[in-house]
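Just so you know, the protein sequences line up as chains A and B, in that order. Numbers given in the working numbering equal positions in the first sequence, counted from 1, plus 13. Numbers given in the working numbering equal positions in the second sequence, counted from 1, plus 13. Backbone N, C-alpha and C fix where the C-beta goes; we use that ideal spot for every residue, glycine too. Down below is the structure, laid out as structure tokens.
There are 2 protein chains.
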Amino acid sequence: MSDASGLPAKTRPPTRADVARYAGVSTAVVSYVVNDGPRRVAPQTAARVRAAIEILKYRPNVNARALKKGSTEMLGVVLPDITNPFFAEYAHALEVASVAHGYVLVMATSDGNEAQEGQILNDLAKRQVDGLIISTVLPPSGFHAVALPGRPTVLINCSTPFAGYVAIGPDAREGARLLVDHLITVHRHQSVALIMGESSEPVPEPRERGWSDAFQAYDLPPGPIVRASFSRHGGYEAAARLLNWKTRPSAIFAASDQLCTGALKAIREAGLRCPDDIAVVSFDGTSESEYCWPPLTVARQPIEAMAEAALSAVLNPSSTAAYQRFDTEIVIRESCGCSGRHPGQGPQVVEFDRGSTPVSKTVAEARAPQ
Amino acid sequence: MSDASGLPAKTRPPTRADVARYAGVSTAVVSYVVNDGPRRVAPQTAARVRAAIEILKYRPNVNARALKKGSTEMLGVVLPDITNPFFAEYAHALEVASVAHGYVLVMATSDGNEAQEGQILNDLAKRQVDGLIISTVLPPSGFHAVALPGRPTVLINCSTPFAGYVAIGPDAREGARLLVDHLITVHRHQSVALIMGESSEPVPEPRERGWSDAFQAYDLPPGPIVRASFSRHGGYEAAARLLNWKTRPSAIFAASDQLCTGALKAIREAGLRCPDDIAVVSFDGTSESEYCWPPLTVARQPIEAMAEAALSAVLNPSSTAAYQRFDTEIVIRESCGCSGRHPGQGPQVVEFDRGSTPVSKTVAEARAPQ
DNA sequence: TTGAAAGCGCTAACAA
DNA sequence: TTGTTAGCGCTTTCAA
């Protein structure tokens with residue numbers, strides 16, 4: 014029973030037609046006042062409409078509008094694992110950046126699974142998201158096959174350009190190099206093991222290259238590489254294996270904070286102390302790296318800046334460089350063997366000249382693997 | 014130039030009409046094969062349609078369908094802070110549960126801000142999400158004011174029923190009680206400080222009540238309460254304050270893992286050892302609690318089970334109890350003072366009889382606050 | 001300044 | 001078994 018008042022009696026949410034009827038205008042006028050255009054509306058008419066909106070508690074149906082306009086104002090973001098603090102922080106930064114533009118995020122997790130990533134992409138396409146921000150687990154060829162044609166797509170967390178897409182990522186090679194260089198020059202390590210995630214890539218990861226760059230600069234052979242699944246547990250297992258070897262390295266570079274906290278646990282369980290018995294550094298610089306024990310010396314990724322860049326890239330696909338690389342920041346804490354900071358002071362951040370090559374090729378007082 | 018082939022030349026994604034034209038059928042038939050109903054289609058016709066879909070790379074526009082059907086197959090989830098591992102794990106569990114039902118999650122973060130939560134809810138309403146899953150930062154009265162009428166809404170992370178809504182949460186009071194009881198009976202602590210988030214509630218939080226329940230059972234006065242912002246830094250500051258007091262407690266119960274890891278940092282910086290100088294237990298049981306140092310003794314929330322319950326509650330609002338409480342699981346690790354588990358074994362999980370009252374009222378060898 | 005009406009892509013009742 | 005068509009809620013051109 015809808016009566017003459019124009020108030021719908023049903024529980025169905027009010028539509029623009031209800032508002033028009035209530036305010037005694039046409040639906041076009043309602044649209045004009047809701048969108049503040051494209052036609053002008055007489056002030057008192059507008060007021061009537063606004064009152065009707067208020068009374069009826071009318072909320073425009075964004076999906077219907079999307080159908081008409083071709084823009085959903087939704088962005089899809091797919092990450093390998095929201096449970097990883099690095100991605101959680103990234104997700105948050107993306108959300109902050111996107112609300113500023115009136116976009117909403119549809120988030121999905123690939124769980125590191127290629128097939129799942131493909132399904133998600135397909136589903137997101139059907140939902141007409143206006144753009145995609147993805148940390149893909151696929152290689153370029155595989156990604157091409159499932160990517161959405163016609164929707165701006167930016168790949169994040171890419172340490173290297175990604176053929177055919179606009180991509181963003183940290184300068185992982187240089188960050189890794191700096192970190193390992195610190196271990197070599199300041200703490201006199203001669204062998205630094207690398208704990209990495211498994212990679213389907215045939216070509217070495219930038220972190221791996223940065224790690225070996227550092228050794229090459231001193232004509233030192235790099236340490237061993239151990240591969241693990243990208244999780245705390247993976248880091249734990251990798252380190253446990255490492256520590257069982259006859260000559261264990263005196264330091265570890267973990268490719269992510271998660272891997273590193275896992276490694277730390279293995280180190281403790283082996284009865285070893287960090288950094289005294291074995292030093293550790295990692296890549297990412299999430300909040301957890303600051304609060305764990307010992308606090309981690311890391312190459313910190315500028316997550317907010319990258320998230321903003323990713324957002325402006327999806328929103329202005331035309332005016333975007335194919336690849337943007339962001340410098341990491343080396344944050345010296347205790348896990349490398351540097352002494353703890355004085356309580357109350359901020360972390361010690363070391364700025365390096367980007368292009369500098371090490372001054373001395375001699376590493377004195379070298380620590381031997383033990 | 015769209016030619017006789019029916020292949021659209023434009024970059025505009027193909028619509029059902031394109032498929033119909035290409036397959037030489039009506040749009041209805043396309044709809045029938047896409048949805049596998051509600052009318053039957055001749056096998057070879059269906060094959061033709063499927064071929065056309067394949068060729069044209071047609072993907073049904075979910076929003077248009079939603080407009081027609083009134084269901085977007087999107088669920089809104091709003092959490093205070095995706096950066097908190099507890100909520101990140103919750104988000105992941107919710108996603109796993111929802112993909113199983115063909116739903117997609119629109120995630121938003123309130124940042125603990127009431128006004129922001131209201132805006133998010135409003136925006137989600139305009140987007141016609143089919144249901145809401147919220148960990149609200151609002152009190153019941155405030156929530157009522159901004160809640161979406163007409164959309165199934167379930168409140169998660171509620172330790173107590175929430176007037177007018179279906180809610181889900183852990184048995185925080187009992188979990189807290191058990192944890193503190195362990196500290197009192199097994200480790201002989203007489204004073205356990207409580208680090209809590211700020212709360213706008215006039216009535217004490219269940220964790221606080223469980224904490225004081227434990228003391229009451231032995232006619233002991235509870236320890237001090239310190240309030241902090243819900244973050245690692247908050248826990249850090251709270252503990253730092255606590256440790257500065259003339260008589261510091263011998264143990265701390267932190268209301269969340271985040272608070273606890275922050276407290277741990279403060280303890281270390283004060284030159285104290287955990288658990289030797291000060292024991293610590295916390296609530297949540299995220300992965301981080303297992304990997305930090307020392308590993309945390311916690312009341313673990315059954316996140317997966319709660320997430321599934323939340324999902325089935327939004328999806329079947331009618332057949333759902335107003336409030337579902339989930340038992341936590343006490344996981345004994347090292348931060349309480351219990352010895353480390355033997356490497357290779359799982360954590361030590363202690364099962365308590367739910368209703369048991371402590372046997373002895375005498376606490377021998379009590380540790381005095383120091 | 002306002003209104004009528006077409007149409008966004010889809011579903012499903014109804015007709016054939 | 002298939003086609004025609006109205007209409008979901010909205011925007012916007014065009015005419016009044």
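Residue 136/A touches chain B at which residues, Cβ-Cβ below 7 Å?
117
Between the stretch 169 to 178 of chain B and the stretch 213 to 223 of chain B, are three or more C-beta pairs nearer than 8 Å?
yes
Assuming residue 144/B is part of the beta strand (DSSP E), what are its boundary residues?
144 to 147
Tell me which residues share the same chain as residue 43/A and place their Cβ nearer than 6 Å to its Cβ, disregarding the 5 neighbours each side in the sequence.
29, 32, 33 and 62
Which first and last residues belong to the beta strand (DSSP E) in which residue 342/A is found?
342 to 345
So for residue 374/B, helix, strand or coil by DSSP?
A caution first: residue 374/B carries a pLDDT of 30, below 50, which makes its placement in the model unreliable, though a value can still be read off. Looking at residue 374/B - three-state DSSP - the assignment turns out to be coil, as it is neither helix nor strand.
Beta-carbon proximity list for residue 68/A, same chain, < 6 Å, skipping 5 on both sides:
none
So residue 219/A is in the alpha helix (DSSP H); what residue range does that whole segment cover?
219 to 229
Measuring CA to CA, which of 291/A, 255/A and 304/A is closest to residue 278/B?
304/A
Looking only at C-alpha atoms, which of 227/B, 206/B, 112/B and 184/B sits nearest to residue 198/B?
227/B
In three-state DSSP terms, what is residue 254/B?
helix
Note down, in chain order, every chain A residue with its Cβ under 7 Å from the Cβ of residue 68/B.
Within 7 Å Cβ-Cβ: nothing; residue 68/B doesn't reach chain A, min ~14 Å.
Between residue 314/B and chain A, is the shortest Cβ-Cβ distance under 8 Å, so that the two count as touching?
no
I need the straight-line Cα distance from residue 81/A to residue 214/A, nearest angstrom please.
43 Å
Residue span of the alpha helix (DSSP H) that contains residue 325/A, given as start and end
316 to 328
Could you tell me which uninterrupted alpha helix (DSSP H) segments, each at least 4 residues in length, are contained entirely in the stretch 62 to 99 of chain B, listed from first to last along the chain?
75 to 82
For residue 122/A, count neighbouring Cβ atoms within 10 angstroms of its own Cβ and tell me buried if that reaches 16, exposed if not.
buried
Please check the pair residue 267/A and residue 295/A, which I expect to be a contact at CB under 8 Å, by giving their CB distance rounded to whole angstroms.
4 Å
The alpha helix (DSSP H) spanning residue 337/B covers which residue range?
Premise fails: residue 337/B lies in the beta strand (DSSP E), 336 to 339, not in any alpha helix (DSSP H).
Proximity to residue 70/A [Cα-Cα], best of 160/B, 99/B, 71/B and 47/B:
160/B
In the DSSP assignment, what are the bridge partners of residue 295/A?
267/A and 311/A
For residue 38/A and residue 59/A, the rounded distance between their alpha carbons:
10 Å
Roughly how many angstroms separate the alpha carbons of residue 97/A and residue 242/A, rounded to a whole number?
13 Å
Partners in chain B for residue 80/A, counting only beta-carbon separations shorter than 7 Å:
76, 77 and 80
Considering only the beta carbon of each residue, do residue 194/B and residue 340/B sit closer than 8 Å?
no
Using 8 Å as the threshold, is the stretch 85 to 104 of chain A in touch with the stretch 135 to 150 of chain A, meaning 3 or more CB pairs across them?
yes
Could you tell me whether the stretch 275 to 294 of chain A touches the stretch 308 to 315 of chain A, where touching means 3 or more Cβ pairs closer than 8 Å?
yes
Are the CB atoms of residue 297/A and residue 269/A nearer to each other than 8 Å?
yes
Through-space distance from residue 299/A to residue 315/A, alpha-carbon basis:
10 Å
Mind reading off the beta-carbon distance from residue 208/B to residue 179/B? Whole number of angstroms is fine, and I expect it under 8 Å.
Contact flag wrong, Cβ pair sits at about 30 Å.
Check residue 133/A in the structure and name its three-state DSSP category.
helix
Chain B within 8 Å of residue 71/A, Cβ atoms only:
no
For residue 287/A versus residue 331/A, is the C-beta spacing smaller than 8 Å?
no
What in chain A is Cβ-close to residue 209/B, meaning under 7 Å?
Under the 7 Å cutoff, chain A gives no residues; its nearest Cβ is about 19 Å from residue 209/B.
Straight-line CA distance for residue 317/A to residue 56/B?
53 Å
Who are the Cβ neighbours of residue 250/A in its own chain at under 7 Å, not counting the five residues just before and after it?
241
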